[in-house]
Amino acid sequence: MRWMNAVGFIVVTCVLGTMSVPSRAAAAEVRDSDRAHAYTMLRDLQREVGESYFDPALKGVDLAANAEVAKQRIANATSIGETFSALAQFLLELDDSHTFFVPPRQTTIVDYGWRMGMVGDNCVVVRVRKGSDAERQGVAAGDLVRSVNGLKPTRETLWRLDYLFGVLRQQPGLHVELVSAKGAARELDLAADVRQVKKVVALTGADAGYDIARLYDEQAKASRGHQPVSAELGKQVFVVRLPTFTLDEDVMRDLAHRALGHESLVLDLRGNHGGAQEGLQALLGGIYAADATIGTLRERAQSTPLVAKGSGKEAFGGRVFVLVDAQSASASELFARVVQLTERGTVIGDRTSGAVMTARYHPLAVSHGENVIAYGAMVTVADVTMADGKRLEKRGVTPDFVVLPTQDDMASRRDPALAQALKFAGHPLDPTSAGALLPPPVE
12 MRWMNAVGFI
22 VVTCVLGTMS
32 VPSRAAAAEV
42 RDSDRAHAYT
52 MLRDLQREVG
62 ESYFDPALKG
72 VDLAANAEVA
82 KQRIANATSI
92 GETFSALAQF
102 LLELDDSHTF
112 FVPPRQTTIV
122 DYGWRMGMVG
132 DNCVVVRVRK
142 GSDAERQGVA
152 AGDLVRSVNG
162 LKPTRETLWR
172 LDYLFGVLRQ
182 QPGLHVELVS
192 AKGAARELDL
202 AADVRQVKKV
212 VALTGADAGY
222 DIARLYDEQA
232 KASRGHQPVS
242 AELGKQVFVV
252 RLPTFTLDED
262 VMRDLAHRAL
272 GHESLVLDLR
282 GNHGGAQEGL
292 QALLGGIYAA
302 DATIGTLRER
312 AQSTPLVAKG
322 SGKEAFGGRV
332 FVLVDAQSAS
342 ASELFARVVQ
352 LTERGTVIGD
362 RTSGAVMTAR
372 YHPLAVSHGE
382 NVIAYGAMVT
392 VADVTMADGK
402 RLEKRGVTPD
412 FVVLPTQDDM
422 ASRRDPALAQ
432 ALKFAGHPLD
442 PTSAGALLPP
452 PVE
């Protein structure tokens, strides 16, 4: 999840994961009513961006002209999917990874069974689900990803591929070009797991009990995957992996409190896409006695200082080591950069994502007879300038010590970056032992 001020969500960062997708209706012939709905969606998207985008000048983009282009694309569309593509492209013209169209939820769930991410300038497989077609065909963590459906993933394009295949045009499978850790090149057609779900969730009536229970179960499963996990190496080092900043402030403060009495804190923010501003401030405040300046929040109508309130005598005062990678984004990047600028700690790993904006989800809907079609827009509502006057957007944070895993490291679950942090902390472990210190993230 990217960093945001308000309750919301972002789907771009669910890299080839499980999410709801358009049903077969998306490929069906577009009816006049469907086209009318698309025109209404376009009008509402244009309004939300025009009224809410952090830059009133829209970075020089002519929103009205782009809307006319989108209208023509909708007029020429031969399927509902093409109308969605026109709406998506309308917002993508802003070239802002935090501003995009969220299409209506449909009736199928697709799980590709594997995830990809960047290591340095290379795209690699970062995780493979057990029992997936990808596993059956021998895909492994560390495999180099040359292309997905003919498209080459790079640092600049990966988020667009995630959006394309994870949200807008989900596929029953993906054609990939891979290179294994041993240098073997191959092309594979990897089938996704596709299952049908109810289009309407009943919160009242005969089916309400079942559907409410199912929603609670899904929420609990997601929550378990977002909880921090930790390990203690005596009283010397406290190691914690934080998957997201979208947690209660008390949870964040407790992490810093649990580090008290240890000489060093190793905070693993790899794969952490950000979350809530309040979570960032709470965790930062736990490692500073005095207030710590994060930067300036530039919103549409005002600029305000962004500060983490210090914890005084209750602050963790030991050494701090922060692990980041190319998937670390938003609040993770701000945390790491503040630690660098104040010389509070050491940042280790890979250059971060460079996706540091504040986005807010705008829920929208269009009437369809007696029903309502729900969709939405994620819109950037603020930018951040760090205390040194510089921005991290599209630049990221360069670690103090760049430590990248090799393909073989990833395949063998060795963790050289954590091993380096533990060495600095005075409790050295080899990369194999470091890789086994914390359980793997929950799928």
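In terms of the numbering used here, the sequence shown has 155 at position 144, counting the first letter as 1, and numbering is strictly consecutive. Where is the CB? At the ideal position from N, CA and C, for every residue including glycine. If you're wondering where the values come from, they're calculated on a predicted model, not measured in any experiment.
- About 7 Å separates the Cβ atoms of His237 and Leu258, confirming a contact at the 8 Å cut-off.
- Per DSSP, reduced to three states, the secondary structure at Asp43 is helical.
- Note: His379 is bridge-paired with Asn382 in the DSSP secondary-structure output.
- For the 8 Å CB-CB criterion, Met127 and Pro183 do not form a contact.
- In chain order, Phe65, Val392 and Ala393 place their CB closer than 7 Å to the CB of Glu310, counting only its own chain and leaving out the 5 sequence neighbours on each side.
- Annotation: Ala78 to Val136 spans about 37 Å, alpha carbon to alpha carbon.
- When DSSP reads this structure, Leu175 sits in no beta bridge, so it has no partner.
- When only Cα atoms are considered, Glu146 and Ala242 end up about 29 Å apart.
- Where Asn160 is concerned, there is no enclosing alpha helix (DSSP H), because DSSP gives it neither an H nor an E.
- For the pair of segments examined, the stretch 407-426 was found not to touch the stretch 84-96: the number of CB pairs separated by less than 8 Å stays below three.
- The residue among Ser158, Phe412 and Leu185 with its C-alpha nearest the C-alpha of Gln148 is Leu185.
- DSSP places Asn283 in the coil class of the three-state scheme, outside both helix and strand.
- Per DSSP, reduced to three states, the secondary structure at Arg406 is coil, with no helix or strand assignment.
- Secondary structure of Pro239 (DSSP, three-state): coil.
- Between Gly124 and Val205, the alpha-carbon positions lie close to 11 Å from each other.
- DSSP, read as helix, strand or coil, puts Glu354 in coil.
- At the C-beta level, Arg157 and Val190 come within 8 Å of one another.
- C-alpha of Ala68 to C-alpha of Ala76: approximately 14 Å in a straight line.
- Taking a contact as a CB-CB distance under 8 Å, the pair Thr94 and Arg46 counts as one, their CB atoms being some 7 Å apart.
- Every alpha helix (DSSP H) stretch that sits fully inside the stretch 67-97 and reaches 4 residues is listed by chain position as 74-87.
- Sequence-distant Cβ neighbours of Thr396 in its own chain, meaning closer than 8 Å and more than five residues away, are Gly306, Thr307, Arg309 and Arg402.
- Beta-bridge analysis with DSSP links Thr391 to Ala370.
- Look at His186 here: in three-state DSSP terms it is strand.
- For the 8 Å CB-CB criterion, Asp336 and Gly360 form a contact.
- A contact is defined here as three or more CB-CB pairs under 8 Å, and the stretch 337-357 meets this definition with respect to the stretch 272-291.
- About 5 Å separates the beta carbon of Arg362 from that of Gly407, a gap short enough to meet the 8 Å contact definition.
- Non-local C-beta neighbours of Thr409 in its own chain, meaning closer than 7 Å and more than five positions away in sequence, comprise Arg362, ordered along the chain.
- If you look at Ser314, you'll find it in the beta strand (DSSP E) that goes Ser314 to Ala319.
- The beta carbons of Ala385 and Ala376 sit closer together than 8 Å.
- By the CB criterion at 8 Å, Ala326 and Ala300 fall inside the cutoff.
- Residues of the same chain with a CB within less than 7 Å of the CB of Phe101, apart from the 5 flanking positions on each side, are Leu53, Leu56, Asn77, Ala78 and Ala81 in chain order.
- Sequence-distant Cβ neighbours of Asp411 in its own chain, meaning closer than 8 Å and more than five residues away, are Gln351, Thr357, Val358 and Ile359.
- For Ala267, there is no enclosing beta strand (DSSP E); the residue is part of the alpha helix (DSSP H) that begins and ends at Glu260 to Ala270.
- Note on Gln338: 16 or more other CB atoms within 10 angstroms of its CB, so buried under the neighbour-count rule.
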